[in-house]
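Undergrad: Residue numbers (our numbering), protein chains in the order written: chain C, 32 to 242; chain D, 32 to 242.
Cβ atoms here follow ideal geometry from the backbone N, Cα and C, with glycine treated the same way.
Shown below is the structure under consideration.
Protein chains: 2
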Amino acid sequence: MAEQRIRVVLVDDHPVVRAGVRALVDAQDDLDVVGEAADSAQAVAVVGETQPDVLLMDLSLGDGPGGAETTRLVRELPSPPHVLVLTTYDTEADVLEAVDAGASGYLLKDAPPEELFRAIRGTARGETVLAPSVANRLLQRAASPTPKVSPREVEILRLLARGLGNKEMARELLVSEATVKSHLSHIYTKLGVDTRAGAVATAIERRILRP
Amino acid sequence: MAEQRIRVVLVDDHPVVRAGVRALVDAQDDLDVVGEAADSAQAVAVVGETQPDVLLMDLSLGDGPGGAETTRLVRELPSPPHVLVLTTYDTEADVLEAVDAGASGYLLKDAPPEELFRAIRGTARGETVLAPSVANRLLQRAASPTPKVSPREVEILRLLARGLGNKEMARELLVSEATVKSHLSHIYTKLGVDTRAGAVATAIERRILRP
DNA sequence: CACCCGGATAGCCGATCGGATGATGCCGGC
DNA sequence: GCCGGCATCATCCGATCGGCTATCCGGGTG
Chain C
32 MAEQRIRVVL VDDHPVVRAG VRALVDAQDD LDVVGEAADS AQAVAVVGET QPDVLLMDLS
92 LGDGPGGAET TRLVRELPSP PHVLVLTTYD TEADVLEAVD AGASGYLLKD APPEELFRAI
152 RGTARGETVL APSVANRLLQ RAASPTPKVS PREVEILRLL ARGLGNKEMA RELLVSEATV
212 KSHLSHIYTK LGVDTRAGAV ATAIERRILR P
Chain D
32 MAEQRIRVVL VDDHPVVRAG VRALVDAQDD LDVVGEAADS AQAVAVVGET QPDVLLMDLS
92 LGDGPGGAET TRLVRELPSP PHVLVLTTYD TEADVLEAVD AGASGYLLKD APPEELFRAI
152 RGTARGETVL APSVANRLLQ RAASPTPKVS PREVEILRLL ARGLGNKEMA RELLVSEATV
212 KSHLSHIYTK LGVDTRAGAV ATAIERRILR P
């Protein structure tokens with residue numbers, strides 16, 4: 032044969048998904064699933080043991096560290112595998128976090144198997160592989176840069192979603208009401224809204240807040 | 032052998048998940064995957080052709096009708112299969128909608144394979160199978176009944192999430208501002224909040240609004 | 001050393017919200 | 001036929017919000 036077979040490790044907390052990817056990938060002549068992991072710690076261990084070429088990573092891994100954090104950990108290992116994110120959502124925040132953590136590719140789980148195979152092969156060669164919808168999102172946001180909300184502003188948003196008034200937030204955060212209002216003004220500007228309700232909706236949509 | 036093998040059809044828009052469930056289920060002696068469908072229309076067609084005992088149903092099927100609606104359609108067929116919902120989320124609204132549509136069971140995708148097999152066998156026998164977390168939720172909500180928001184109130188919530196003021200909503204809905212305020216008051220009462228921001232957050236959490 | 005940014009603070013003021021109260025019409029179930 | 005829920009509208013009023021302007025401080029960055 033022409034090449035070495037590509038060694039793949041799966042990281043996903045859903046047994047069903049692991050079985051599915053394994054069944055599909057193992058049926059390919061040039062691809063080998065050499066390990067599976069259900070959480071972050073297992074992932075690091077399995078990668079160390081099996082030295083795969085590509086790591087297929089789900090972003091939501093249940094309770095512990097998420098896929099992005101796990102990607103970061105794995106990429107810090109000696110001779111790390113390329114990480115191909117395979118997940119359900121293409122939220123801008125998720126994509127950016129994953130890429131920032133060192134992922135080489137981002138695919139969605141509703142991708143047809145053929146696309147998955149192509150992506151694995153590409154990732155193994157060190158290419159960057161993005162799902163079309165993901166690529167679109169990145170371009171969109173590149174044009175209009177994402178306003179980063181500060182940690183303090185996120186705290187405000189959390190209280191906001193709980194329906195607190197400015198006075199109550201001020202008490203909760205041990206600051207003055209004026210400060211809360213100031214933060215809110217900044218949040219409105221950054222999120223492109225001008226009401227509290229709009230801010231909450233946008234924050235949840237942008238995954239700044241979790242429902 | 033003792034019994035007829037149980038005929039299973041999979042409905043899921045993710046090829047990966049279908050492959051996974053198929054791999055797992057087909058490996059069981061007494062279970063047979065006799066068909067797959069990626070959307071609602073396919074599901075109805077495949078069920079008609081294959082006459083399965085159990086339908087494994089994902090709730091989110093991409094663009095068209097969702098899993099709940101599909102369940103309803105399938106259950107209206109002659110000699111319909113029992114429907115076992117296999118999905119990622121255990122939101123109260125999702126569970127209730129599915130059960131209301133005629134589902135006999137509700138399992139989460141992170142369930143271990145053994146539990147999935149048991150659930151399929153139970154569902155085939157006509158039993159009701161609920162994931163533990165789902166059962167918990169149902170009990171919780173049974174104690175404190177869910178207030179139903181009316182269609183009109185949902186419209187208000189949608190506009191609210193877009194950050195509109197009462198005056199703007201009134202214009203949008205072709206009613207008076209007083210009416211909007213009235214609706215809002217009812218919404219607050221039903222959702223147990225007293226601010227617009229809180230209403231939006233609660234509505235999204237309760238899946239009344241989609242992010 | 002300037003400069004900017006995040007965070008905190010203050011006061012002002014018009015617009016808006018939220019609660020209370022009350023009324024009308026329509027529809028569907030008992 | 002009555003009652004309840006939904007949808008509509010109205011008025012009043014105090015509380016709150018959102019925009020504006022301006023100041024202060026500490027930590028980076030050039």
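1) Can you check whether the CB of D:ALA74 is closer than 8 Å to the CB of D:VAL7?
2) I'd like to confirm the pairing. Which residues does DSSP put opposite C:TYR137 in its beta bridges?
3) Any chance the CB of C:ASP63 is under 7 Å from a heavy atom of the ligand ADP?
4) With a CB to CB cut of under 7 Å and the five nearest residues on each side skipped, what residues in its chain are close to D:GLN24?
5) Consult DSSP for D:LEU92 and reduce its assignment to one of helix, strand or coil.
6) List, in chain order, every chain C residue whose beta-carbon is nearer than 8 Å to that of D:LYS140.
7) Please confirm whether C:VAL64 and C:ASP57 have their CB atoms less than 8 Å apart.
8) Under the three-state reduction of DSSP, which class applies to C:GLU107: helix, strand or coil?
9) Given a threshold of 16 other Cβ atoms within 10 Å of its Cβ, counted over all protein chains shown, does D:GLU67 qualify as buried or as exposed?
10) Residues in the same chain with beta-carbon distance under 8 Å from D:ALA230, minus the five sequence neighbours each way, listed in chain order, please.
11) Going straight from the alpha carbon of C:ASP89 to that of C:THR159, what length do you get?
12) Under 8 Å, CB to CB, which of the residues in the segment 49-68 of chain D have a partner in chain C?
13) Looking at the unbroken alpha helix (DSSP H) that takes in D:LEU222, where does it start and where does it end?
14) Taking C:ARG106 and C:VAL114 to be in contact with their CB atoms under 8 Å, please state how far apart those CB atoms are, rounded to whole angstroms.
15) Quick check: what's the CA-CA separation for C:PRO69 versus D:THR210?
16) Under 7 Å Cβ to Cβ from D:GLU128, same chain only, skipping five residues before and after it: list those, please.
17) Rounded to whole angstroms, what is the Cα-Cα separation between D:ALA232 and C:SER181?
18) So, at 8 Å on beta carbons, what are the nonlocal neighbours of D:VAL52 in its own chain, with the 5 sequence-adjacent residues on each side left out?
19) Buried or exposed: which applies to C:GLY97, given that a residue is buried once 16 or more other Cβ atoms fall within 10 Å of its Cβ?
20) Closest to C:ALA72 by C-alpha separation, out of C:ARG49, C:ASP84 and C:THR102, would be which residue?
21) Can you tell which of C:ALA76, C:ASP125 and C:GLY157 has its C-alpha closest to the C-alpha of C:ILE37?
22) Just tell me which of C:ALA228, C:ALA166 and C:PRO143 has its CA closest to the CA of C:LEU195.
23) By a C-beta neighbour count over all protein chains shown, 10 Å radius and 16 as the cutoff for buried, is C:ASP121 buried or exposed?
24) Quickly, what does DSSP pair D:GLU67 with across the bridge? List them, please.
25) Compile a chain-ordered list of the residues in the segment 198-220 of chain D whose CB is closer than 7 Å to at least one CB of chain C.
26) So for C:LEU62, helix, strand or coil by DSSP?
27) Taking all protein chains shown into account, do 16 or more other C-beta atoms lie within 10 angstroms of the C-beta of C:HIS45, making it buried, or fewer, making it exposed?
28) Could you spell out the range, first to last residue, of the alpha helix (DSSP H) harbouring D:ARG49?
29) Quick check: what's the CA-CA separation for C:LEU62 versus C:SER213?
TA: In terms of the structure at hand:
1) Because residue 7 of chain D is not part of the residues shown, which for chain D are 32 to 242, the question remains open.
2) As a first step, residue 137 of chain C is located in the first sequence; it is residue number 106 there, counting from the start. Beta-bridge pairing links C:TYR137 to C:VAL116 and C:LEU161.
3) Absence of the ligand ADP is noted for the structure shown, with no ligands found whatsoever.
4) Since the first and last residues shown for chain D are 32 and 242, residue 24 of chain D lies out of range.
5) In the second sequence, residue 92 of chain D corresponds to position 61, counting from 1. Of the three classes helix, strand and coil, the one that applies to D:LEU92 here is coil, per DSSP.
6) In the second sequence, residue 140 of chain D corresponds to position 109, counting from 1. Those within 8 Å of D:LYS140 in chain C are HIS45, VAL47 and VAL48.
7) The count along the first sequence starts at 1 and reaches residue 64 of chain C at position 33. The count along the first sequence starts at 1 and reaches residue 57 of chain C at position 26. Result yes, Cβ atoms of C:VAL64 and C:ASP57 sit closer than 8 Å.
8) As a position in the first sequence, residue 107 of chain C is number 76, starting the count at 1. Residue state, collapsed to three classes: coil.
9) What you label residue 67 of chain D is simply residue 36 of the second sequence in a count that begins at 1. With 16 or more other Cβ atoms within 10 Å, it is buried.
10) Counting from one through the second sequence, the residue named residue 230 of chain D turns up at place 199. Closer than 8 Å at Cβ, skipping near neighbours: LEU188, LEU191, LEU215, ILE218, TYR219, LEU222 and VAL224.
11) Along the first sequence, read from residue 1 onward, the residue named residue 89 of chain C stands at position 58. Along the first sequence, read from residue 1 onward, the residue named residue 159 of chain C stands at position 128. Rounded to whole angstroms, C:ASP89 to C:THR159 spans 17 Å at the Cα level.
12) ARG49, ALA50, GLY51, VAL52, ARG53, ALA54 and LEU55
13) Reading the second sequence from its first residue, position 191 is the one you call residue 222 of chain D. Unbroken alpha helix (DSSP H) run through D:LEU222: 208-222.
14) Start at 1 with the first residue of the first sequence, and residue 106 of chain C comes out as number 75. Start at 1 with the first residue of the first sequence, and residue 114 of chain C comes out as number 83. C:ARG106 to C:VAL114, Cβ: 7 Å. Contact.
15) Numbered from 1 along the first sequence, position 38 holds the residue referred to as residue 69 of chain C. Numbered from 1 along the second sequence, position 179 holds the residue referred to as residue 210 of chain D. Before going further, note that residue 69 of chain C is Ala rather than Pro in the sequence given. Answer to the nearest angstrom: the Cα atoms are 52 Å apart.
16) Within the second sequence, residue 128 of chain D is the residue found at index 97, counting from 1. Excluding positions up to five away in sequence, the list reads ALA99.
17) To locate residue 232 of chain D, count along the second sequence from 1; it is residue 201. To locate residue 181 of chain C, count along the first sequence from 1; it is residue 150. Each residue's Cα considered, the two are about 20 Å apart.
18) As a position in the second sequence, residue 52 of chain D is number 21, starting the count at 1. Excluding sequence neighbours, D:VAL52 sits near LEU41, ASP43, VAL64, LEU87, LEU117 and LEU147.
19) By one-based count along the first sequence, residue 97 of chain C stands at place 66. It counts as buried.
20) Residue 72 of chain C sits at position 41 when you count from the first residue of the first sequence. Considering only alpha carbons, the answer is C:THR102.
21) Numbered from its first residue, the first sequence carries residue 37 of chain C at position 6. Answer by Cα proximity: C:GLY157.
22) In the first sequence, residue 195 of chain C corresponds to position 164, counting from 1. Nearest C-alpha to C:LEU195: C:ALA228.
23) Mapped onto the first sequence, residue 121 of chain C falls at position 90. Flag for C:ASP121 reads buried.
24) Taking the second sequence and counting its residues from 1, one reaches residue 67 of chain D at position 36. Per DSSP, D:LEU41.
25) none
26) Here residue 62 of chain C is taken as the residue at index 31 of the first sequence, counted from 1. In the structure shown, C:LEU62 sits in a strand (DSSP, three-state: E or B).
27) Translated into positions along the first sequence, residue 45 of chain C becomes position 14. Classification for C:HIS45: buried.
28) Start at 1 with the first residue of the second sequence, and residue 49 of chain D comes out as number 18. Where D:ARG49 is concerned, the enclosing alpha helix (DSSP H) stretches over 46-57.
29) For the purposes of this step, residue 62 of chain C is taken as the residue at position 31 of the first sequence. For the purposes of this step, residue 213 of chain C is taken as the residue at position 182 of the first sequence. Cα to Cα, the separation comes out at about 55 Å.
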